[in-house]
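**Q**
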Ligand SMILES: Cc1cc2nc3c(=O)[nH]c(=O)nc-3n(C[C@H](O)[C@H](O)[C@H](O)COP(=O)(O)OP(=O)(O)OC[C@H]3O[C@@H](n4cnc5c(N)ncnc54)[C@H](O)[C@@H]3O)c2cc1C
């Protein structure tokens, strides 16, 4: 059915449509609602639910040397000098900072406080027993940053029922740097939690059930001895994690902190839930889990985006669009036999000339692979470029990991880039709209 003939009730009108529910889409929806735009968002879960919950700003540059920076702002300066096409090079540092602060205030207001160490990165232990540097740390993990820095006597606890988390591995790998680090596995058998192996998300929700926390305390208390701090996998509740960490600290007489886990990650799920809850309170209309499957630009310049499977069942009519559709896994980019394509608008994708150049020979090549930096080229207003090199459309913007010339995974700039490019895109829409 032509769009002009669609019944009214199947068409939703808005100022700004955000395509994507990853961190860049969530941040864009927050900024758009904050500016008073009627906002519609669509997508299925983004990478956020697999992410550690740590908000990286910038850490590794150049990636081939693996050089880690404690000062992320100095790292952004160096990166912008060396890779002027990187999206960060288009952004003022005040803009990046303001965007991140707005997200962190919003998360705090929605029950997820974050902390940072002045303007520096903090060193956080990982579930592999390595460490990584990041900018904003969930408050439930903060005591771990301090304990690690000061090498305070610490007990790392594992649960026998929890897959993919080994306290022994962490203590073994970090032991040389941290002599006061011990480990102990405990069991939650007999508690209200499910018998056998349990995934982190189920365990986190179980922690909020009556009686389970007492069981945790009873199991851990005999092993505390000289430990001043206790590291526990990040499964301490879904909605009340901060309260649970505080309560455990009191009951155990040692400061408790969470350690990031492998995906599926509870802190990532908390982030996702906090955004979904908070954005709904701000009036963002979310179509979840729904994908945009078609689009057209109407004569008046508005976008008509079709939602559905096979044929559109609903349409969004929007003045502007922010494309925050991620990379291959999220299906924002698609790899054909010979070319990488942008999946929805068929926008040109910056990429190597030949498929043979997508990857270096060595899978673990320290430089990463050229395919990791493929993506959309944008102008200074974060509008994707068309084949002539001009903006593809006046009010079409792009944000997040779909952008070219960045390798967020190796550079450790995922969240900072997602949030700040979303902010730049919404600000640009606001300016153009006047
Ligand atoms: C395992 C893992 C660990 C991570 N760890 C960290 C970390 O420690 N620190 C950090 O800062 N960042 C981390 N990240 C990165 C971070 O969570 C974000 O994934 C990243 O910043 C990119 O976000 P994005 O919103 O651009 O894309 P994505 O998260 O990929 O989201 C893309 C969204 O677009 C939607 N979409 C695609 N096509 C359509 C369509 N046609 N219609 C509607 N919707 C569509 C998808 O459904 C999805 O919701 C991690 C990510 C992963 C996967």
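In my numbering, the protein residues as written are 1328 to 1761.
From the three backbone atoms N, C-alpha and C, an ideal C-beta is built for every residue, glycine too.
1) Under the three-state reduction of DSSP, which class applies to residue 1469: helix, strand or coil?
2) Using the Cα positions of residue 1706 and residue 1560, report the straight-line distance between them to the nearest angstrom.
3) In chain order, what are the residue ranges of uninterrupted alpha helix (DSSP H) at least 4 long that sit wholly in the segment 1581-1610?
4) Between residue 1704 and residue 1686, how many whole angstroms is the CB-CB distance? I'm expecting something under 8 Å.
5) Using 8 Å for Cβ pairs, my map puts residue 1481 next to residue 1580. What's the rounded Cβ distance?
6) Note the first and the last residue of the continuous beta strand (DSSP E) segment covering residue 1460.
7) Following the continuous beta strand (DSSP E) through residue 1511, name the residue where it begins and the one where it ends.
8) Can you check DSSP and say which residues form a bridge with residue 1366?
9) Would you give the residue range spanned by the alpha helix (DSSP H) that residue 1530 belongs to?
10) Reducing DSSP to helix, strand and coil, say where residue 1691 ends up.
11) Ends of the beta strand (DSSP E) at residue 1429?
12) What number of angstroms, rounded off, separates the C-alpha of residue 1364 from the C-alpha of residue 1609?
13) For residue 1636, which residues does DSSP report across the bridge?
14) In the DSSP assignment, find the unbroken alpha helix (DSSP H) run with residue 1738 in it and report its ends.
15) Below 7 Å CB to CB, which residues in the same chain sit around residue 1684 once its five sequence neighbours on both sides are set aside?
16) Apart from the five residues on each side of it in sequence, which residues of its chain come closer than 8 Å, Cβ to Cβ, to residue 1721?
17) So, for residue 1544: in the same chain, excluding its five sequence neighbours on each side, which residues have a beta-carbon less than 8 Å away from its beta-carbon?
18) In terms of DSSP beta bridges, what is residue 1764 paired with?
19) Who are the Cβ neighbours of residue 1371 in its own chain at under 6 Å, not counting the five residues just before and after it?
20) For residue 1414, tell me which candidate among 1757, 1761, 1752 has the shortest Cα-Cα distance.
21) Helix, strand or coil for residue 1407 per DSSP?
22) Span of the beta strand (DSSP E) holding residue 1545?
23) Write down the C-beta distance between residue 1394 and residue 1388 rounded to the nearest angstrom, noting that I regard them as a contact closer than 8 Å.
24) Have a look at the DSSP bridge pairing and note the partners of residue 1624.
**A** Well, looking at it:
1) Collapsing the DSSP output to three states places residue 1469 in a helix.
2) In a straight line, the C-alpha of residue 1706 is about 42 Å away from that of residue 1560.
3) Listed in chain order, the complete alpha helix (DSSP H) runs (minimum 4 residues) inside the segment 1581-1610 are 1593-1608.
4) Going by Cβ atoms, the distance from residue 1704 to residue 1686 rounds to 21 Å, so no, they are not a contact pair.
5) Actually they are not in contact, since the Cβ atoms of residue 1481 and residue 1580 sit about 14 Å apart, beyond 8 Å.
6) Boundaries of the beta strand (DSSP E) around residue 1460: 1458-1461.
7) Unbroken beta strand (DSSP E) run through residue 1511: 1508-1513.
8) Under the DSSP definition of a beta bridge, residue 1366 partners with 1343.
9) Going by DSSP, residue 1530 is part of the alpha helix (DSSP H) stretching over 1527-1533.
10) Coil.
11) Where residue 1429 is concerned, there is no enclosing beta strand (DSSP E), although the alpha helix (DSSP H) it sits in stretches over 1420-1436.
12) Annotation: residue 1364 to residue 1609 spans about 11 Å, alpha carbon to alpha carbon.
13) Per DSSP, 1638.
14) That run of the alpha helix (DSSP H) goes 1735-1738.
15) In its chain, beyond the 5 residues on either side, 1697 have a beta carbon closer than 7 Å to the beta carbon of residue 1684.
16) Within the same chain, 1628, 1710, 1759 come within 8 Å of residue 1721 by CB-CB distance, once the 5 residues on both sides are set aside.
17) 1575, 1578, 1579, listed in sequence order.
18) What the structure shows of the chain is the stretch from 1328 to 1761, and residue 1764 is not part of that stretch, so it cannot be assessed.
19) The residues are 1616.
20) The candidate whose alpha carbon is nearest that of residue 1414 is 1752.
21) Correct three-state label for residue 1407: helix.
22) Counting along the chain, residue 1545 falls outside any beta strand (DSSP E), though it belongs to the alpha helix (DSSP H) covering 1539-1547.
23) Cβ-Cβ separation between residue 1394 and residue 1388: approximately 6 Å, consistent with a contact (criterion under 8 Å).
24) 1630.
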